[in-house]
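The sequence shown begins at 1397 in my numbering and counts up one residue at a time. Each remark here refers to the structure printed beneath this line.
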Amino acid sequence: MKDTEVIAEELVFRPLPHVVIEANVNPQEFATAQSAAAADYLAYWEDAAHELEWFRKWDQVLDASQAPAYRWFPGAQCNIVHNALDRHIATANKNKLALIWEGEAGDSKKFTYYELYREVNRLANAMRSLGIGKGDRVVLYLPLIPQTMIAMLACAKIGAIHCTVFAGFSAKILRRRITELRAKLVITADGFYRNGHLISLKTIVDEALMGDCDCVETVVVVNRANLDVDMSEARDMCYDALVRQEHSEAATEIVSADDPLFILHTSGTTGEPKGVIHGHAGYMVCLHRSLDWIFDIKPTDIFWCTGDAAWITGHSYVVYGPLIAGTTTVMYEGHPLYPQADRMWDIVARYGITILYTVPTVIRMLMRYGTQYPRMHDLSTLRLLGSVGESLSRDVWLWFYKNIGHSQCPLLDTWWQTETGTCMITPFPVSVLKPGAVHRPMPGVSIALTDSQGKSLPAGEAGHLVITRPWPSMLLGLYGKEELYQHTYWPLGIDMYWAGDIARRDEDGLVWIHGRSDDIMNIAGHRIANQEVENAFLTHKAVAEVAVIGVADKIKGEVAKAFVILQPDFAVLDDRNEVIRMLKNHVRKELGPVAVVRSIEFVNTLPKTRSGKIARRVLKASETGTDIDISLITED
């Protein structure tokens, strides 16, 4: 019993005294806000909205008359760029660093808020001269370069709607996005650098626009890599030449609260990607609150979210969120292991990064190289760590917390989605942390764990995660697919948003994510999440990365098959059968006999989506001989 108590105590981490003292929201304030929001969540979000600037205030906080097409702050007039850029120019933030950018080759650029403001205005004026205006769709096919941020902000400033497409997606996918949105303008680059390779982008755009793709009037090309690319005289324009003569002041378009800001397609791991629509008002309100309360932004912070701007993480926590908060955001073009496995830690040390927000895939990748690389660099400026994309397994959490944060930095394992816009379930810097738990909903967010009919389940029992109240940064809908919006997200009724994840609450009320509801195996009548089995594998020192799928079994209906990347010390062992036996026994010990692992296959890589999530469906399709579209899978 004593050992159990010690183990349990070691896996609970209380906030350090100085963190509590210096936090923007202390435990008492958080508890008060949680109670107040539970009693009147509309008043809570209205209070958050008052912290931003508006051209016209709202007539009411929430219009639920067309639910589930909820509309926040109807009657309000605003523009997210006014809060992200314009308002800072009249404050001390004017000459503060807004963006630090580093290319994979080591080149770098820095922009103050005033410099970024002027660059955005030049492009906004140029876009207006091209006939782009409010409501027009603009496709951005760009790598992580400053012009990506500038283009997103310029679109928003003039009321246009941007749709970012991940650099490296195929011409087929790019064409699909362009034609679906009837985009008038595409902004791209000649090429970019990734993992030591020079990758061409303009050639992919040219291929995508071949034939009857007639909606695009102009293609603007950023000269990133000095590539010699074909330029259509009638259609293509050089970015630098386009903006060079433009004025550095531009009017910010006044938009309505629910006017679309961007359309972002989900990664498509469960089928055809859907165009998720987010608007200006509610999105910026939640973003500002999350940067202030969750990430505890201070005037001296340097904020690095490693997400790509093509995904919601990059939209929210590389571009819009940090700028609304008036902090300095960092953008890195390249691969985290190039030219060697200390690149991330080198960036942290050189720029004095204080907040690092990344994904489990990157952490696991860096874990494989041990602690020698982080020990090469001074990481003492870090004060806060965060993770997003999937919940951290306990061993990955502990490695990140101890070796990167040196047990001094709160580690915020956050849960949210493309559709939610911003963080929904998360610890705060002052929270008591349990490795593997994503903690509790933030104030103003209400959740339940239910069975498939919507009946609430008791603590300890895994169920479907649903959000039981609307929230400001929620998606406005799916582009051109109103029926699919209702069918996908509201199958249990207009007061239950279906997140598609399986989770449970523990005895302390903390939430643990088990995985997607469509990633559940049924082994001899027992439902077990693929991610739960993966987490068991990851607690063994031999395993670097793992993916688990369910395969048919005549007796049990379904059993688990694991695809394992071994740690280097184990990868050289000759007796693979002994390693297999050892791992099977380990998983059985961790999860009990219900977790039947029939086979283990050792691999060098795992298929992943461009957002870094393991694409189990690719492994499943390979196992069953099913043909699927793998164009959304990374080649890294």
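C-beta atoms are modelled at their ideal positions from N, C-alpha and C, and glycine is treated no differently.
Under the rule that a run must span 4 or more residues, no alpha helix (DSSP H) segment is found entirely inside the stretch 1497–1524. By the 16-neighbour rule on beta-carbons within 10 angstroms, Leu1845 is buried. With respect to the 8 Å criterion, Ile1541 and Val1726 are not classified as neighbours on the basis of their beta carbons. Spanning the alpha carbons of Gln1768 and Trp1741 requires a straight line of approximately 11 Å.
Here Pro1839 carries a coil assignment [DSSP, helix/strand/coil]. For Gly1587, the closest alpha carbon among the candidates Lys1598, Ile1690, Leu1871 is that of Lys1598. Boundaries of the alpha helix (DSSP H) harbouring Leu2015: 2012–2020, taken from the DSSP string.
In the structure shown, Ile1673 falls within a strand segment according to DSSP collapsed to helix, strand and coil.
In this chain, the beta strand (DSSP E) harbouring Cys1634 covers 1632–1634. Taking C-alpha positions only, Gln1462 is separated from Leu1778 by approximately 45 Å. Taking 8 Å as the cut-off, the beta carbon of Lys1553 is found no closer than this to the beta carbon of Ala1445. Collapsing the DSSP output to three states places Lys1798 in a helix.
C-alpha of Ala1439 to C-alpha of Thr1560: approximately 34 Å in a straight line. Non-local C-beta neighbours of Met1892 in its own chain, meaning closer than 8 Å and more than five positions away in sequence, comprise Ala1844, Thr1846, Gly1850, Val1862, Ile1863, Thr1864, Trp1886, ordered along the chain.
For the set Arg1573, Leu2015, Asn1926, Pro1989, the Cα lying nearest the Cα of Lys2004 is the one of Leu2015. Ser1789 and Arg1524 have their alpha carbons spaced roughly 48 Å apart. Setting aside the 5 residues that flank it on each side, Gly1499 is surrounded in the same chain by Glu1729, each with a C-beta closer than 6 Å to its C-beta; the list follows chain order. In this structure, the CA atom of Val1477 is about 27 Å from the CA atom of Thr1575. Rounded to whole angstroms, the separation of the alpha carbons of Ala1488 and Val1651 is 27 Å. With respect to the 8 Å criterion, Val1983 and Val1939 are not classified as neighbours on the basis of their beta carbons. Proximity to Val1834 across Ser1852, Ala1855, Leu1807 peaks at Leu1807, based on C-alpha coordinates. Under the 8 Å Cβ criterion, the stretch 1874–1881 does not count as touching the stretch 1821–1837, having fewer than three qualifying pairs.
Excluding sequence positions up to five before and after Ala1522, its CB lies within less than 7 Å of the CB of Leu1638, Val1639, Glu1642, all in the same chain and listed in chain order.
Note on geometry: alpha-carbon atoms of Leu1874 and Met1820 lie some 20 Å from one another. Around the beta carbon of Glu1649, 16 or more other beta carbons lie within 10 angstroms, which makes this residue buried.
Of the other Cβ atoms in all chains shown, 16 or more fall within 10 Å of the Cβ of Ala1899; this residue is therefore buried.
Annotated as proximal: Trp1894 and His1860, with beta-carbon spacing under 8 Å. Taking a cut-off of 8 Å on C-beta distances, the stretch 1800–1815 touches the stretch 1771–1786, as three or more cross pairs fall below it.
For Gly1717, the uninterrupted alpha helix (DSSP H) segment begins and ends at 1717–1721. Here Leu1969 is exposed: its Cβ has fewer than 16 other Cβ atoms, across all protein chains shown, within 10 Å. Fewer than three pairs of CB atoms, one per stretch, sit closer than 8 Å, so the stretch 1578–1595 makes no contact with the stretch 1753–1769.
Along the length of the stretch 1813–1875, whole beta strand (DSSP E) runs at least 3 residues long occupy 1843–1846, 1859–1863, reported in chain order. For Gln1473, the secondary structure class from DSSP, reduced to helix, strand or coil, is strand. The continuous alpha helix (DSSP H) containing Thr1428 extends over residues 1423–1435. Around the beta carbon of Phe1451, fewer than 16 other beta carbons lie within 10 angstroms, which makes this residue exposed.
DSSP places Met1917 in the strand class (E or B) of the three-state scheme.
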